[in-house]
Amino acid sequence: MKEMKFETALKRLEEIVEKLEEGDLDLGESLKLFEEGVKLSKVCNKKLNEAEKKIEMLTRDQGELKAEPFEAEEDTGETES
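Each number in the working numbering comes from the position in the sequence shown (counting from 1) with 751 added on.
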């Protein structure tokens, strides 16, 4: 079985969260989706960790790792409630 891409896993995870938030599913279907979501979350986490390690390898300077904070893009202004 081919390994899932980060973007594919994240998109499916977002779909699952939306379905679960709607609350229209029965318990069995909710549990099934939750289980899939946990697996997808692990895939995303693994991919992010791999990317972080690769970045660390690429930013080594004369045998020492220079730890510099990553500056994310500006927040879109949306707030979670």
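From the three backbone atoms N, C-alpha and C, an ideal C-beta is built for every residue, glycine too.
- Query: Excluding the five sequence neighbours on either side, which residues of its own chain have a C-beta within less than 6 Å of the C-beta of Ile-806, listed in chain order?
  - Reply: So no residue of the chain qualifies.
- Leaving out the 5 sequence neighbours to the left and right, which residues in its chain are closer than 8 Å to Cys-795 when beta-carbon positions are compared? In chain order, Phe-757, Ala-760, Leu-761, Leu-764 place their CB closer than 8 Å to the CB of Cys-795, counting only its own chain and leaving out the 5 sequence neighbours on each side.
- Query: Can you tell me the Cα-Cα spacing of Glu-769 and Leu-809, whole angstroms?
  - Reply: C-alpha separation (whole angstroms): 37 Å.
- Task: Can you give me the Cβ contacts of Thr-827 inside the same chain, cut-off strictly under 8 Å, excluding the 5 residues immediately before and after it?
- Result: Any reading at Thr-827 must be qualified, since the residue scores a pLDDT of 49, below 50, and its modelled position is unreliable; no value is offered.
- Leu-801 in three-state terms, based on DSSP: A small correction: the amino acid at residue 801 is Glu; Leu does not occupy that position in the sequence shown. Collapsing the DSSP output to three states places Glu-801 in a helix.
- Would you identify the three-state DSSP class for Thr-759, choosing helix, strand or coil? In the structure shown, the three-state DSSP call for Thr-759 is helix.
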